[in-house]
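A short write-up of the structure that comes next.
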Amino acid sequence: MLKWILGILGVVALGYYFLVLDKMTYGGTEPVFTLHDGRTYAASLDGPQPVEIRVVQVARAAFPKAGVVTGASWSPHPIPIYSFQVVFEDGSTLIIDTAEDEALAKGLSDDTAFDMDAYQAMQNAMSQAAKIVVTHEHPDHIGGLTLHPQLQQVLDVTDLTEEQVNHPERQDPAAFPEGALDGYVPLSYVDYRALLPGVALIKTPGHSPGSQMVLVQLKDGREFLFIGDIAWSMESVRTGAGRPRLMSWLFLQEDRATVFKQLKALKKLSDSAPEVELIAAHDLGEMKRLIANGDIIEGFK
Ligand SMILES: [Zn+2]
Ligand SMILES: [Zn+2]
16 MLKWILGILG VVALGYYFLV LDKMTYGGTE PVFTLHDGRT YAASLDGPQP VEIRVVQVAR
76 AAFPKAGVVT GASWSPHPIP IYSFQVVFED GSTLIIDTAE DEALAKGLSD DTAFDMDAYQ
136 AMQNAMSQAA KIVVTHEHPD HIGGLTLHPQ LQQVLDVTDL TEEQVNHPER QDPAAFPEGA
196 LDGYVPLSYV DYRALLPGVA LIKTPGHSPG SQMVLVQLKD GREFLFIGDI AWSMESVRTG
256 AGRPRLMSWL FLQEDRATVF KQLKALKKLS DSAPEVELIA AHDLGEMKRL IANGDIIEGF
316 K
């Protein structure tokens, strides 16, 4: 009997270790991006340069930290949901990520806080934007777009990638209205794409098929790399510990091994070019630091 109990406990312990604590990964695609190539693409277009980056926090959920960083405690960890506005010297704007509405945000955790003013400011800014992109097709990044009251008008200036459009199951529970994407021509590119002067897209599938990073070089030389959800917390970049298998496999169906390799590549990039600010999509502490430093401005124009 004791043998059986010990055996079952052993299996449970091994399962817990494998799903929640194990930081090892195997296989996966080698990350292909380099900062050098991203910079080359970002600098390849002439025109008005980006001069500032703005942010609104539309919602704030909370997950157990053990689901955010492998090996972390089960204490609640804030998951802010942001939208970013890049302002160019001619006053034109680019929106990066479109958050989601109150109903979708409240589905993330019981105690999600929602800022209706920030959501409205973002929706207004989307109507005025020269360009809109999302780091990936998950609902907390694409939801504000799918729910936009002037969807056809904003889709005219939105560059969704082929992979983002072709994976509606990853957008769930957000969804474009029936027929909204009829005739929409998605962006198709290999590895890198110059988006606007000073702005490049870098393809990084793994967290989702349509994941990409956005490199922004401001006119004054400051550089920002929006890494989307490759890491929810910059701690994952610093330590190499991404999400545990439990989160990656059961909830996200992400290619965890590829994400871990991307985390390593980002750590290397950050060590060799510390002047580049990496922006993880849901890191409250980092965002507070960037705002306090004046690198990112709170509120949209
Ligand atoms: Zn996200
Ligand atoms: Zn995501």
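Residues in the sequence shown are numbered from 16 upward in steps of one, following this note's numbering.
Even glycine gets a Cβ: it sits at the ideal position worked out from N, Cα and C.
Because the structure is a prediction, the values reported are computed rather than measured.
Its chain contains 46, 219, 221, 245 as the residues whose beta carbon lies nearer than 7 Å to that of residue 277, once the 5 sequence neighbours on both sides are disregarded; these appear in chain order.
Within 10 angstroms of the beta-carbon of residue 257 lie 16 or more other beta-carbons, which makes it buried. For residue 249, the enclosing alpha helix (DSSP H) begins and ends at 249-254.
Here the residues close to ligand 2, judged by CB distance below 5 Å to any of its heavy atoms, are 153, 244 in chain order.
Taking a contact to require three or more Cβ pairs closer than 8 Å, the stretch 110-130 and the stretch 71-79 qualify as touching. Residue 218 sits in a strand when the DSSP states are folded into three classes.
Around residue 60, the same chain offers 209, 212 as residues with beta carbons nearer than 6 Å, after the five sequence neighbours per side are excluded.
Residue 164 has its alpha-carbon roughly 22 Å from the corresponding atom of residue 176.
The C-beta distance from residue 120 to residue 96 rounds to 6 Å, short enough to fall under 8 Å. Residue burial annotation: residue 142 is exposed, with fewer than 16 other C-beta atoms found within 10 angstroms of its C-beta. When C-beta atoms of the stretch 176-191 are compared with those of the stretch 229-237, fewer than three pairs fall below 8 Å, so the two segments do not count as touching.
Between ligand 1 and the CB of residue 155, the shortest heavy atom gap is smaller than 7 Å.
The stretch 101-172 contains, as complete beta strand (DSSP E) runs of 3+ residues, the segments 108-111, 146-148 (chain order). Within the stretch 29-94, the runs of alpha helix (DSSP H) at least 4 residues long that lie entirely inside it are, in chain order, 50-57.
The nearest non-hydrogen atom of ligand 1 is less than 7 Å from the C-beta of residue 296. For residue 314, the three-state secondary structure derived from DSSP is coil.
For the 8 Å CB-CB criterion, residue 266 and residue 136 do not form a contact.
Residue 193 and residue 17 have their C-alpha atoms roughly 59 Å apart. In the DSSP assignment, residue 208 falls within the unbroken beta strand (DSSP E) covering 207-211. Looking at the backbone, the Cα of residue 251 and that of residue 64 are separated by about 31 Å.
When 287, 253, 274 are compared, the shortest CA-CA separation from residue 262 is found for 274. Take the alpha-carbon of residue 207 and the one of residue 50: they are about 11 Å apart.
Annotation: the continuous beta strand (DSSP E) that includes residue 243 extends over 238-243. Taking a contact as a CB-CB distance under 8 Å, the pair residue 145 and residue 202 does not count as one, their CB atoms being some 15 Å apart.
Counted as a single uninterrupted DSSP element, the beta strand (DSSP E) harbouring residue 228 occupies residues 227-232.
Taking a 10 Å sphere around the C-beta of residue 48, we find 16 or more other C-beta atoms and assign the residue as buried. The three-state secondary structure of residue 99, taken from DSSP, is strand.
Assignment of residue 293 by DSSP, reduced to helix, strand and coil, places it in the strand class.
If you draw a straight line from the Cα of residue 100 to the Cα of residue 167, it is about 20 Å long.
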